[in-house]
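Peer 1:
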Amino acid sequence: NPNNVVLVANYVPFENPAGGPNFYRFGDDVRYQIHVDNVGDGKSHVTFTFRFRTSTVDGTTFLYNTPYVRDGALTKQIAFDGSKYLGWNRPQTYSVSVNRSDGEDDSSSAVLGSNLLTPPDVVGAASTGDAAYYHTLANAAIHNLSGGVTVFAGQRDDPFYANLGPIFDILTLNPLIATGGEDYLNNENVHSIVLSVPKSMIKGPNDSVIGVWATASRRQETVLSSTPPFKASEGNWVQVSRLGNPLINEVVIGLGQKDLFNASRPANDSQFLPRYQNPLLATYFNVLFGQGVDTTNRQDLVDILLRGVNTLNRPARWSAFADELRYNMDVPSFGFPNGRNLTENVVDTELNAVDGAFCGFGGVIPACHAGANAGQLHQGVSQDSDHPTAQSTFPYLNDPNMP
Numbered sequence: 049n050p051n052n053v054v055l056v057a058n059y060v061p062f063e064n065p066a067g068g069p070n071f072y073r074f075g076d077d078v079r080y081q082i083h084v085d086n087v088g089d090g091k092s093h094v095t096f097t098f099r100f101r102t103s104t105v106d107g108t109t110f111l112y113n114t115p116y117v118r119d120g121a122l123t124k125q126i127a128f129d130g131s132k133y134l135g136w137n138r139p140q141t142y143s144v145s146v147n148r149s150d151g152e153d154d155s156s157s158a159v160l161g162s163n164l165l166t167p168p169d170v171v172g173a174a175s176t177g178d179a180a181y182y183h184t185l186a187n188a189a190i191h192n193l194s195g196g197v198t199v200f201a202g203q204r205d206d207p208f209y210a211n212l213g214p215i216f217d218i219l220t221l222n223p224l225i226a227t228g229g230e231d232y233l234n235n236e237n238v239h240s241i242v243l244s245v246p247k248s249m250i251k252g253p254n255d256s257v258i259g260v261w262a263t264a265s266r267r268q269e270t271v272l273s274s275t276p277p278f279k280a281s282e283g284n285w286v287q288v289s290r291l292g293n294p295l296i297n298e299v300v301i302g303l304g305q306k307d308l309f310n311a312s313r314p315a316n317d318s319q320f321l322p323r324y325q326n327p328l329l330a331t332y333f334n335v336l337f338g339q340g341v342d343t344t345n346r347q348d349l350v351d352i353l354l355r356g357v358n359t360l361n362r363p364a365r366w367s368a369f370a371d372e373l374r375y376n377m378d379v380p381s382f383g384f385p386n387g388r389n390l391t392e393n394v395v396d397t398e399l400n401a402v403d404g405a406f407c408g409f410g411g412v413i414p415a416c417h418a419g420a421n422a423g424q425l426h427q428g429v430s431q432d433s434d435h436p437t438a439q440s441t442f443p444y445l446n447d448p449n450m451p
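Just add 48 to the spot in the sequence shown (first one is 1) and you have the working numbering.
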């Protein structure tokens, strides 16, 4: 739909398809949010909030689903009867609301949908059927809300792919070979929130550039007890994680600042500015691969990751360095750093960005001394091993991998 933008936030990575006995789900005690900055000040001006609720149908069994009678016969497979899932022992529902502010004041939020179904996790052929049967189960959890909004929340194949072993083993990879590495997320699933919204719903007052990031928050206090309900949460919400641009939290931010980064807001990201201006990864490139790329004063990375590229996706009234995934809604998405496509190789893109491949590009990105192989670096994996292409219809992420 050319009039809509699709926002995707993934949580709970590295889900093994055989995830029993408890399987994976969104946390009932977590506030999940997708934030949109449509001004350029690093603050959320449209906030979508998701809250989940899990129930147990039969607490005497250890099974995720239980046999039930349907049409006079006993069946083991989870089914959908048009309004609810039958035989699923741990159903989860959720609400989604929108707030035209930073999302902290729930009283000013407008509810877009409530008691919305998530689909069951994929369990196996006996419980959730074959691939075609599960696809029908999952599609039953696609919700068309008022105002042109469509939403899905549930288990999906993780579309991200990365040669994680060598990358974090002190970059023990051959950066000039595009393939031959291992996709360490192959056959792994993830829990996804997918939201399709009209552009008019999130467009700002000055232009069509948006900056997006996702967060998770928990209550300030957790009380544990030896008697029911065993665990309770209270107090104010405290942000415990956030992600905007790919690999910032993982690679750009140092270990000693990760908690600070996860708890802070993009509007305060000037405190991390030296991590972008003087990227440690560039130093590693020079030592390990003899690249000779600039390691200081990298204004090209500052523009790409914290300001937006001039004439492409920098807000007209930009005022704050902020880690946001920016997208100019007036420009068709060609991929990161103007939006992000599900199947693109963002690891290769960022490796080459650090090596100076985009320095001076088009006269709109600041210049630098690029590395010897800038534009030619690879992680060794060129596509998602289990699903090279995205699903052609909403929610676009592929169905989860089966055991």
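Even for Gly, the Cβ is constructed at its ideal location relative to N, Cα and C. The model shown is predicted, which means the values in this text are computed figures rather than measured ones.
With distances taken from CA atoms, which of V78, A66 and G68 is nearest N284?
Peer 2: It is V78.
Peer 1: Would you decide whether S273 is buried or exposed? Buried here means 16 or more other CB atoms lie within 10 Å of its CB.
Peer 2: Exposed is the call here.
Peer 1: At which residues does the alpha helix (DSSP H) containing I413 begin and terminate?
Peer 2: Neither: I413 is in no alpha helix (DSSP H) and is coded neither H nor E.
Peer 1: Q125 to V402, Cα distance in whole Å?
Peer 2: C-alpha separation (whole angstroms): 50 Å.
Peer 1: With the cut-off set at 8 Å, would you say S244 and V54 are in Cβ contact?
Peer 2: Yes. Within cutoff.
Peer 1: If I'm right that Y72 touches I241 with Cβ under 8 Å, what's the distance once you round it to whole angstroms?
Peer 2: About 14 Å; that fails the 8 Å criterion.
Peer 1: For Y375, which of helix, strand or coil comes out of DSSP?
Peer 2: Residue state, collapsed to three classes: strand.
Peer 1: For E398, which beta-bridge partners are listed by DSSP?
Peer 2: Answer by DSSP bridge pairing: none, since E398 is not bridged.
Peer 1: Are the beta-carbon atoms of P65 and N237 separated by less than 8 Å?
Peer 2: Cβ distance < 8 Å, so P65 and N237 count as in contact.
Peer 1: Is it true that the segment 343-359 meets the segment 317-330, where meeting means three or more beta-carbon pairs spaced less than 8 Å apart?
Peer 2: These segments touch.
Peer 1: Comparing alpha-carbon positions, which option in G419, M450, A368 and V60 lies nearest A201?
Peer 2: Nearest option by C-alpha distance: V60.
Peer 1: I'd like to know whether the C-beta atoms of D371 and G292 end up nearer to each other than 8 Å.
Peer 2: Yes, Cβ-Cβ distance for D371 and G292 is below 8 Å.
Peer 1: In this structure, how does DSSP classify P65 when only helix, strand and coil are distinguished?
Peer 2: Coil, per DSSP.
Peer 1: With a 10 Å radius around its C-beta and 16 neighbouring C-beta atoms as the bar for buried, classify V394 as buried or exposed.
Peer 2: Its Cβ being crowded by 16 or more others within 10 Å, V394 is buried.
Peer 1: Tell me, to the nearest whole angstrom, how far the beta carbon of G161 is from that of H191; I am working on the premise that it is less than 8 Å.
Peer 2: Their Cβ separation, rounded to whole angstroms, is 6 Å, which keeps G161 and H191 in contact under 8 Å.
Peer 1: Relative to the alpha-carbon of T104, which residue among Y133, N86, A121 and F384 has its alpha-carbon at the smallest distance?
Peer 2: Considering only alpha carbons, the answer is Y133.
Peer 1: When you compare the CB of T109 with every CB in chain C, is at least one pair closer than 8 Å?
Peer 2: Among the chains of the structure shown, chain C does not appear; only one protein chain is present.
Peer 1: Tell me, please, which residues DSSP counts as bridged to K279.
Peer 2: Its beta-bridge partners are L272.
Peer 1: Rounded to whole angstroms, what is the Cα-Cα separation between T166 and W136?
Peer 2: Cα to Cα, the separation comes out at about 11 Å.
Peer 1: Give the range of the alpha helix (DSSP H) segment to which S248 is assigned.
Peer 2: Per DSSP, S248 belongs to the alpha helix (DSSP H) from K247 to I250.
Peer 1: Between T114, P214, V350 and V260, which has its C-alpha nearest Y232's C-alpha?
Peer 2: Nearest C-alpha to Y232: P214.
Peer 1: Once you ignore the five residues that flank Q40 on each side, which residues in its own chain have a CB closer than 6 Å to its CB?
Peer 2: Any property of residue 40 remains undetermined from this structure, which presents the chain solely from 49 to 451.
Peer 1: Ignoring anything shorter than 3 residues or poking outside the segment 108-139, list the beta strand (DSSP E) runs there in chain order.
Peer 2: Segments of the beta strand (DSSP E) lying fully in the segment 108-139: 116-118 and 121-123.
Peer 1: Rounded to the nearest angstrom, what separates S440 and N147 at their Cα positions?
Peer 2: Computed Cα separation, rounded: 30 Å.
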